[in-house]
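The sequence shown begins at 26 in the numbering used here and counts up one residue at a time.
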Amino acid sequence: MATKKPVAIYYNGTIWKAHDPPGAGQLDGVAALSANDVWASGTSLVAPAKNVTFRWTGSAWHAVAPAGLADGWVESMTRVPGSTQLWAVGMGISAAGNSGGPFAAYYH
């Protein structure tokens with residue numbers, strides 16, 4: 026089975042462009058604070074499954090480990106309008122790797 030790799034695609038007003046974040050897994054949520062401050066989050070598909078979060082800084086993707094998101098699957102991410110606050114929601118993962126219930130987390 027082929028390893029899934031995350032991909033981020035955006036439209037610049039003329040054409041679609043792809044910028045591939047590092048690592049393996051899938052991305053499920055994205056939020057942009059500006060053109061040079063974009064966050065994407067999802068799940069690593071390498072056991073044990075864990076959250077993967079990346080930040081686009083205008084020239085490259087960087088893996089980040091925001092507090093509160095390390096042990097879970099982020100299913101959606103959004104920016105609070107008029108602010109620099111991000112919210113993420115998803116499903117937590119227990120120490121045994123099972124579903125730990127829903128969670129919500131924010132970054133500011």
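By construction, the Cβ of each residue, glycine as well, lies at the ideal position given by its N, Cα and C atoms.
Just so you know, these numbers come straight off a predicted model, no measurement behind them.
Contact annotation: Gly54 and Val99 have beta-carbon atoms nearer than 9 Å. The alpha-carbon separation between Ala56 and Ala33 amounts to approximately 11 Å. Going by DSSP, Leu58 is part of the beta strand (DSSP E) stretching over Gln51 to Ser59. Leu70 sits in coil when the DSSP states are folded into three classes, being neither helix nor strand.
In this chain, the beta strand (DSSP E) harbouring Ala88 covers Trp86 to Val89. Here DSSP, grouped into helix, strand and coil, assigns Ser108 to coil. For Val77, the enclosing beta strand (DSSP E) begins and ends at Lys75 to Trp81. Collapsing the DSSP output to three states places Thr39 in coil. Between the alpha carbons of Pro127 and Thr68 lies a gap of roughly 15 Å. The alpha-carbon of Thr78 is positioned some 21 Å away from that of Pro106.
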